[in-house]
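K.L.:
Take this structure first; my questions come after.
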Amino acid sequence: MLAIKLQRIGKKHQPSYRLVVAERRSKMAAPPVEDLGSYNPFNKAVTFKKERVAYWLGAGAQPTVTVNNLLAKEGIKNVSKVAVKMKKPAAAEKPAETPAETPAQTV
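For the sequence shown, the numbering used here begins at 968 and goes up steadily by one.
Given below as structure tokens:
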């Protein structure tokens, strides 16, 4: 199944993304079927080929959650935004008991 997703490009700590059509389960660096535009998260610059995005949506390609929200924000796809589910950070473990808190052993 084809998906419209973001492919990360750029240097360390300076991400930018390409909007591509690729196989849903393909690896991140796999060659895409088609390049549809770009997204820069630092200045929120978005450039899409609107006709090609509409074509691939009509052909059955499913956008990822983030791409769906970008398309909705740009007005390309007339749907509401979808909540992105983020993983909760691991809970801080309980600190080990100090020797003063442990019961004293009698000999």
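From the three backbone atoms N, C-alpha and C, an ideal C-beta is built for every residue, glycine too.
Out of 998, 1007, 993, which one is the CA nearest neighbour of residue 977?
P.N.:
Here residue 977 corresponds to residue number 10 of the sequence shown, with the count starting at 1. The option with the nearest alpha carbon to residue 977 is 1007.
K.L.:
Please classify residue 989 as buried or exposed, where buried requires at least 16 neighbouring CB atoms within 10 angstroms.
P.N.:
The sequence position of residue 989 within the sequence shown is 22, counting from 1. It is buried - the Cβ of residue 989 has at least 16 other Cβ atoms within 10 Å.
K.L.:
Below 7 Å between beta carbons: does that hold for residue 1003 and residue 986?
P.N.:
Here the question's residue 1003 lines up with position 36 in the sequence shown. Here the question's residue 986 lines up with position 19 in the sequence shown. Yes, the Cβ-Cβ distance between residue 1003 and residue 986 is below 7 Å.
K.L.:
Kindly indicate the opening and closing residues of the alpha helix (DSSP H) around residue 1019.
P.N.:
Stepping through the sequence shown from its first residue, residue 1019 is reached at position 52. It spans 1017-1025 - the alpha helix (DSSP H) in which residue 1019 sits, taken as one unbroken run.
K.L.:
On the DSSP letters alone, give me the boundaries of the alpha helix (DSSP H) that residue 1039 sits inside.
P.N.:
Start at 1 with the first residue of the sequence shown, and residue 1039 comes out as number 72. Unbroken alpha helix (DSSP H) run through residue 1039: 1032-1041.
K.L.:
Around the C-beta of residue 1030, are 16 or more other C-beta atoms found within 10 angstroms, so that it is buried, or is it exposed?
P.N.:
Position 63 of the sequence shown, counted from the first residue, corresponds to residue 1030. Buried: at least 16 other Cβ atoms inside 10 Å.
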